[in-house]
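The structure under discussion appears below in the form of structure tokens.
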Amino acid sequence: MTKEELAVLEAKAKEIRCKTIDAIGFLGVGHIGGALSIVELLALLYFKEMRVDPENPRWPGRDRLVLSKGHAGPALYSALAMKGFFPEEWLHSLNKGGTRLPSHCDRNLTPGIDMTTGSLGQGLSAACGIALANRLEGRDSFTFAIIGDGETNEGQNWEAALFAAHQKLGRLVAFTDYNKMQIDGRTEQVLDLGRLEEKWAAFGWESARVDGHDIAAIAAAVEAAKARAAKPDAKPTMIVLDTIKGKGAAFCEGSVGSHNMAFDYETAKKAIAELG
Amino acid sequence: MATPAKEMRAVYAETLVELGAKNKDIVLLEADLMKASGTGPFQAAYPERTFDVGVAEANMVGVAAGLSAEGKIPFAATFGCFATRRVFDQFFVSCAYARLNVKLVGTDPGVSAAMNGGTHMPFEDLALMRAVPGIAVLEPSDAASLRGLVAAAAERKGSVYMRLHRKAVPDLYPAGEKFEIGKAKLLREGKHVAIVALGSIMVNEALKAAELLAKEGIEASVVDALSVKPLDAELVLREARKCGAVVTAENHQASGGLGSAVAELLAETGAARLARIGVKDEFGEVGTQDYLQDRFGLRAANIAEAAKALAKA
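Those protein sequences? They're chains L and S, same order as listed.
At position 118 of the first sequence the residue is numbered 117 (numbering that gives the first Met the number 0), and the sequence of numbers has no breaks.
At position 239 of the second sequence the residue is numbered 238 (numbering that gives the first Met the number 0), and the sequence of numbers has no breaks.
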């Protein structure tokens with residue numbers, strides 16, 4: 000990736016971060032921590048890696064994303080709005096009665112959302128089904144999935160892990176947002192996940208572990224997965240992202256309480272100003 | 000009619016093979032019970048459209064949801080206990096709430112689970128699935144209705160739960176009879192009591208009960224409900240109003256399934272008095288199907304007794 004390209008993506012990440020803080024702050028409460036930890040990933044996916052058409056959100060030839068940690072929807076909505084899937088004004092309708100932007104992702108409400116998620120542990124299975132369907136149709140589309148670290152406690156992920164490897168879903172590229180925090184505390188205290196990348200490798204996946212706030216590092220891992228997928232019998236890929244919950248907003252960065260927290264619009268505006 | 004040699008699971012597989020020839024979007028999912036479900040012929044015909052996910056029902060339902068999001072029409076089967084209580088949230092959220100199009104088939108309903116016993120005996124699957132908004136909940140009663148309802152399920156835009164009794168059962172309908180989701184069938188017309196029954200076991204017991212009642216001068220209608228949700232309110236109410244007394248009969252808890260669906264309808268309309276034949280808040284247990292039908296009171300005699308009491312009240 001060129002320096003210029005990286006600068007553009009870093010600017011996109013900052014914009015996603017600001018819009019997400021703004022939208023949740025405007026509402027006054029929300030899942031800010033786990034939204035801000037995936038911002039760099041979303042910037043990379045939507046502004047470099049993913050083939051999408053905002054004019055035709057269900058275009059069969061597109062790449063798909065299943066945001067299994069559906070509570071991070073507000074960050075994805077920011078990226079989708081910036082990409083032109085819907086007007087940016089919608090972002091202030093977050094969680095208001097009748098909104099098209101609910102707390103957790105809904106494929107029937109929001110243009111650009113490929114799967115309804117929110118009950119943790121279910122999205123990776125759906126991503127497997129989507130990847131299978133694309134293969135049956137002979138499409139070269141990639142299916143991306145983002146799961147949370149706390150979400151990884153759910154056993155269904157490990158059923159899906161076996162399945163994706165068995166089916167050789169080489170065009171399935173998943174990410175774990177390893178921000179080391181879940182609702183009740185640090186993951187190592189609640190239910191220790193250990194070296195996640197080794198677990199996925201043991202389940203038959205290609206796995207990598209990179210700094211989830213380093214866009215160039217994530218890009219290199221995604222490009223490697225794409226290169227492997229061109230070969231027959233490629234394995235699915237899990238990219239474990241070391242991230243920081245609430246990254247980039249001083250009022251919540253690195254705090255367990257940021258999973259779902261209340262903060263006023265003034266706090267949001269101050270945090271956005273600090274991002275420059 | 001005589002008992003046909005063909006097992007219901009063979010009819011299920013044949014029907015899917017036929018539908019799959021016309022519609023390449025039909026795909027099959029199994030969770031290490033393909034031998035039990037009898038769907039080998041589909042796999043033989045369309046190996047690329049068959050996915051055995053192993054003993055992982057939650058993943059099966061999630062994969063089905065993903066396939067459906069891309070326009071596929073997945074038929075996913077496992078024992079009814081696993082298809083409902085084990086994966087209720089997966090089916091609820093990833094399939095039904097997501098407004099997707101997954102056909103979930105629960106085999107071995109109620110006492111037909113027989114030797115597998117209480118852990119495997121779904122007496123509550125209909126109650127669970129009736130609570131899921133927007134889906135259809137079906138139980139065919141013979142080979143023809145199975146063919147018809149599988150085809151109707153494939154046509155329907157939206158998720159479906161269907162009970163499948165795997166063994167051979169007596170024919171009730173001629174081949175080629177038309178079936179629709181939400182439509183019951185009147186198998187026998189009477190005027191004193193209407194028996195509304197569900198599934199092969201109980202529909203056949205209801206027909207026997209009608210014979211017993213006829214000997215005592217009580218003329219019973221027998222309705223094969225087929226679709227618990229949506230319930231055929233028109234036919235049930237017509238028979239209820241005509242007879243003034245209704246007995247429901249199901250291979251399931253008397254509460255939560257067909258009995259409750261009919262009770263709600265009758266309570267809201269005041270159309271008729273009601274008695275319910277079904278399992279009375281008990282768990283299943285091991286035994287032959289015969290033993291279990293006696294044990295849980297799922298016999299023609301139980302239906303006839305309830306009908307008589309109502310008709311004479």
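Glycine included, C-beta positions come from ideal geometry on N, C-alpha and C.
Within chain L, partners of N58(S) - CB distance below 7 Å: S124, Q155, E158, A159 and F162
Amino acids of chain S, ordered along the chain, whose beta-carbon sits closer than 9 Å to that of N259(L): Under the 9 Å cutoff, chain S gives no residues; its nearest Cβ is about 19 Å from N259(L).
Sufficient close CB pairs (3 or more, under 8 Å) joining the stretch 10-29 of chain L to the stretch 176-183 of chain L: no
Buried or exposed by the 16-neighbour rule on C-beta atoms within 10 Å, applied to D232(L): exposed
Residues bridged to F74(S) [DSSP beta-bridge criterion]: L27(S) and K102(S)
Straight-line Cα distance separating A173(L) from G105(S): 31 Å
Where the alpha helix (DSSP H) containing A314(S) begins and where it ends: Because chain S here runs from 0 to 312, residue 314(S) falls outside it and cannot be looked at.
Residue environment, Q188(L), which counts as buried when at least 16 other CB atoms sit within 10 Å: exposed
Contact under 8 Å by Cβ, R170(L) with S140(L): yes
Ranges of the alpha helix (DSSP H) found wholly within the stretch 162-233 of chain L, counting only runs of at least 4: 186-189, 195-201 and 214-228
Three-state class that DSSP yields for K95(L) in the structure shown: coil
Cross-strand partners of Y11(S) (DSSP beta bridge): In DSSP, Y11(S) forms no bridge with anything.
Rounded separation between A142(S) and L90(L) - CA only: 53 Å
Contact check, T38(S) vs A12(S), beta carbons under 8 Å: yes
Residue ranges of each alpha helix (DSSP H) within the stretch 98-162 of chain S, 4 or longer: 124-129 and 142-154
Pairwise C-alpha distance: E136(L) and A196(S): 43 Å
The stretch 99-117 of chain S / the stretch 71-91 of chain S touching (three or more Cβ pairs under 8 Å): yes
CA-to-CA distance, K71(S) to D24(S), given in whole angstroms: 5 Å
The ligand PLP heavy atom lying under 7 Å from the CB of P73(L): Summarising the ligand content, the structure contains no ligands, and the ligand PLP is consequently not present.
Reduced DSSP secondary structure (H/G/I, E/B, other) of G33(L): helix
Top-ranked residue by Cα proximity to K34(S), from K166(S), K214(S) and N301(S): K166(S)
The stretch 146-154 of chain L touching the stretch 111-126 of chain L, judged by at least three CB pairs closer than 8 Å: yes
Rounded C-alpha distance that separates Q155(L) from A82(S): 15 Å
Separation of L131(L) from A66(S), as counted between CA atoms: Looking at the sequence provided, one finds Leu at residue 66(S) rather than Ala. Rounded to whole angstroms, L66(S) to L131(L) spans 7 Å at the Cα level.
Buried/exposed call for V54(S), threshold 16 Cβ in 10 Å: exposed
T94(S) and A135(S) closer than 8 Å at C-beta: With the sequence shown as reference, residue 94(S) is identified as Cys, and Thr is not the correct amino acid for it. No. Outside cutoff.
Among L234(S), I194(S) and G256(S), the one whose alpha carbon lies nearest that of R315(S): Only positions 0 to 312 of chain S appear in the structure, and residue 315(S) is not among them; the question remains open.
8 Å Cβ cutoff met for I31(L) and C251(L): yes
Proximity of H191(S) and A219(S) at Cβ, strictly below 8 Å: yes
Neighbouring residues, chain S, relative to I112(L) (Cβ below 8 Å): Simply none; closest approach about 10 Å.
Chain S contact for A201(L) (CB, 8 Å cutoff): no
Contiguous beta strand (DSSP E) assignments of at least 3 residues, all confined to the stretch 184-227 of chain S: 184-187, 192-196 and 219-223
Pair within 8 Å by beta-carbon distance, Y264(L) and F85(L): no
Local Cβ density within 10 Å of N250(S), reported as buried at 16 or more and exposed below that: buried
Integer Cβ distance of A183(S) from L234(S), believed to fall under 8 Å: 5 Å
Reference P169(S), options R294(S), V86(S), L28(S) and E204(S), closest by Cα: E204(S)
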